Every structure is written in C-alpha cells, then in structure tokens.
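To keep things clear, I will list the structure first and then write my remarks on it.
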Amino acid sequence: MSFESILAHMNEHHQGELIALCKKYGNPQVEVQNAKLVGVDFVGLDIVYNENLSLRVEFPQKADEKSIKDSIIALCQAAKAPDVSGIADEIESFKKEFGSIIIASIDKQGNAISSYSPLIQVDGALYIYISEVAEHFESISANPNKVEVMFLEDESKAKSVILRKRLKYRVNAVFIERDSSEFEKALDSLESAMGGAGGIKTIRKMSDFHLIRLELGLGRFVKGFGAAYDILPNGEIKQVGGSGNPHGNPHNPHGQGNPHNPHGANPHTMNPHSPHNPHKA
157 MSFESILAHM
167 NEHHQGELIA
177 LCKKYGNPQV
187 EVQNAKLVGV
197 DFVGLDIVYN
207 ENLSLRVEFP
217 QKADEKSIKD
227 SIIALCQAAK
237 APDVSGIADE
247 IESFKKEFGS
257 IIIASIDKQG
267 NAISSYSPLI
277 QVDGALYIYI
287 SEVAEHFESI
297 SANPNKVEVM
307 FLEDESKAKS
317 VILRKRLKYR
327 VNAVFIERDS
337 SEFEKALDSL
347 ESAMGGAGGI
357 KTIRKMSDFH
367 LIRLELGLGR
377 FVKGFGAAYD
387 ILPNGEIKQV
397 GGSGNPHGNP
407 HNPHGQGNPH
417 NPHGANPHTM
427 NPHSPHNPHK
437 A
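Add 156 to the 1-based position in the sequence shown for my numbering, that's all there is to it.
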C-alpha cells in the first residue's frame with residue numbers, strides 16, 4: 157500500500173475517523189468541522205482540519221510497509237469515544253498476572269521510600285507480608301495512609317518503554333493480627349502459591365514478619381496514549397481527559413504549547429499558511 161493510496165482511501169472513506177483523531181489530539185477549544193489527511197509516513201499522520209489548522213499524530217511505534225495499515229487502524233480505533241464497559245475486567249485480569257507489587261511510602265522524616273514486596277491475592281483482597289527489618293516497614297508503620305502501590309508491565313512485554321501498561325492505587329495499610337483467620341487464610345494462599353518452598357514455612361512462624369492488607373483508594377489504569385482511566389473508591393471507572401496531543405508539551409495537560417516556544421504556540425495545531433509555522437514549505 158503506497159502513501160498516495162493511503163491518502164486517497166482515508167480522505168474518501170474515513171472522514172469520520174480523521175475528525176475523531178483531530179478531536180482527540182487537536183485543539184480542545186476548537187469544534188472540528190472537517191479534516192483531510194495531507195501526509196503520511198512510517199512515523200505518523202499529518203492532518204489539516206477546519207481548512208487551516210494542522211495536526212501531527214504519531215504512531216506508538218514506528219511502522220513499516222507491512223504494518224502501516226494496522227498502525228493506522230489502531231490509531232483510529234483509539235480515537236473513538238471511550239467505552240469503559242470492559243475496562244474493569246481488564247484491570248482485574250492485569251492484577252492477577254502479578255506475584256509482587258511496587259510500593260511507595262513516606263518515612264517519619266518525610267522521605268520517599270521505594271520498594272517492592274511479594275503480593276498475596278485472596279478473594280479480591282490484596283496483602284503483603286513484610287519484615288520489621290525491611291526499610292519500608294518503618295515508613296508504612298509511620299504513615300499507613302500515605303502509601304501507593306503499582307502494578308507495572310514488564311518491559312519485555314511492552315510495545316515501547318514509554319507505553320508500559322500500569323495500574324496504581326493509593327492505599328491504606330491495615331496490619332492484620334497474627335493467628336487470626338484472615339492471617340491464616342492469606343498465609344495459606346502464599347504458601348500454596350510458592351509451593352511450600354522459598355522459606356515460606358519458616359518466615360510464616362517468625363514474629364517479626366507482619367501481614368498487611370492494602371485497602372484500595374483512588375486508582376489509575378494506563379494502557380497507552382490517550383487511554384488512562386481513573387478508578388474511584390466505589391469502583392466507578394472514568395476515562396481521563398480525552399483531548400490533547402500526546403506528542404505536545406508534556407508539562408501542559410491540554411496539549412497546547414511547545415516546549416521550544418516560550419509563547420506557547422503548538423506546531424501541531426498552527427495555521428499551516430502562517431509564516432510562523434515550522435511545517436510550512
């Protein structure tokens with residue numbers, strides 16, 4: 157498929173998809189009336205909308221002759237109106253892939269502590285079993301309501317290092333009484349998951365180890381460009397944002413502004429006929 161045939165096909169048969177791309181990645185303060193694909197390469201698409209605004213939308217990964225069609229289809233599908241009906245199931249499935257979890261906590265002096273712990277998942281509840289010797293034990297004990305946890309996709313599985321799927325929650329850490337039924341059930345699960353090996357039978361009996369239940373608060377699930385979802389404590393899921401070019405200024409949530417331009421002009425949404433437009437021929 158040549159670039160010329162892509163231009164012709166998109167402009168003749170996919171006006172709706174081009175408009176959707178402009179609504180998602182273009183100027184959120186502008187109502188998109190029309191759109192035309194004026195350029196395409198293995199890195200992304202160049203679109204002009206409302207006759208005089210230009211937009212560059214790049215693929216998550218560089219394409220080639222074999223993948224260019226699928227890259228365009230994926231980009232257009234991602235621009236459609238959000239449907240969160242299947243996100244809850246995807247989140248739960250993603251959680252179950254993990255046997256450990258990344259932890260961020262704050263110590264008594266206000267210093268941030270990063271760590272990880274083996275993770276126990278029992279009937280939808282999340283637990284960690286940690287030693288008093290571990291650095292994060294002190295910080296979690298000191299500030300149990302100032303803890304965040306993260307599930308982070310392995311780099312080897314991600315399409316790109318900047319597109320690693322991730323799920324994080326603010327949590328409240330609750331210490332579970334040793335020898336309670338909840339403690340026994342959680343440790344039974346951990347021992348079963350480890351096949352009784354790895355020293356679990358020994359540390360299960362050690363009194364300087366503590367079981368902590370992670371009560372989930374506000375969460376966020378990010379699965380790609382323009383695909384971030386807030387998870388409310390009541391379980392409701394809402395897509396974050398929905399507008400703004402992911403290749404614009406990373407410090408501007410509206411996608412407006414160029415980090416190389418102190419006046420804030422976005423080269424992806426400028427008038428292509430303007431003498432100040434860097435894309436003008």
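Think of the CB as a built atom: it goes at the ideal place given N, C-alpha and C, for glycine as much as any other residue.
Given the structure is predicted, the values throughout are model-derived calculations rather than measurements.
The distance from the Cβ of F159 to that of V196 is about 5 Å, consistent with a contact at the 8 Å cut-off. Considering only P389, E304 and E246, the residue with the shortest C-alpha distance to S270 is E304. In this structure, the straight-line span from the alpha carbon of E168 to that of A191 is close to 11 Å. A buried status is given to S295, since no fewer than 16 other beta-carbon atoms sit within 10 Å of its beta-carbon. Taking a C-beta distance under 8 Å as the contact criterion, I258 and F377 do not qualify as a contact pair. Check the Cα spacing between M350 and each of I229, D226, I276 and F307: the tightest is with I276. Taking every protein chain shown into account, the CB of E173 has 16 or more other CB atoms within 10 angstroms, so this residue is buried.
As DSSP reads the structure, E333 sits in no beta bridge. Shown here, D202 sits in a strand according to DSSP, grouped into three states. Membership of A268 in the beta strand (DSSP E) is indicated by the continuous run A268 to V278. Looking at the backbone, the Cα of Q185 and that of I175 are separated by about 14 Å. Taking each of L282, L209, N183 and A234 in turn and checking the Cα distance to G380, the smallest one comes out for A234. Assigned with DSSP and collapsed to three states, K192 falls in strand. Within the model, the alpha-carbon separation for F215 versus V204 is close to 17 Å.
Going by C-alpha positions, H170 is about 49 Å away from A268. Under the three-state reduction of DSSP, D386 is assigned to strand. Per DSSP, reduced to three states, the secondary structure at Q217 is coil, with no helix or strand assignment.
Setting aside the 5 residues that flank it on each side, G200 is surrounded in the same chain by R212, V213, E214 and F215, each with a C-beta closer than 7 Å to its C-beta; the list follows chain order. Cβ atoms of I356 and E347 come within 8 Å of each other, at about 5 Å.
Separation of K341 and D279 (C-alpha to C-alpha, rounded to the nearest whole angstrom) is 10 Å. By the criterion of a C-beta distance shorter than 8 Å, S363 is surrounded in its chain by R334, once the five residues flanking it on both sides are discounted. Comparing C-alpha distances from M166 to each of K225, N206 and E221 shows the shortest one belongs to K225. Taking all protein chains in view, the Cβ of S337 is surrounded by fewer than 16 other Cβ atoms within 10 Å, so the residue is classified as exposed. Assignment of beta-bridge partners to F307 by DSSP yields L323. Exposed is the label assigned to I318, since fewer than 16 other Cβ atoms lie within 10 Å of its Cβ.
Judged by DSSP in its simplified three-state form, E392 adopts coil rather than helix or strand.
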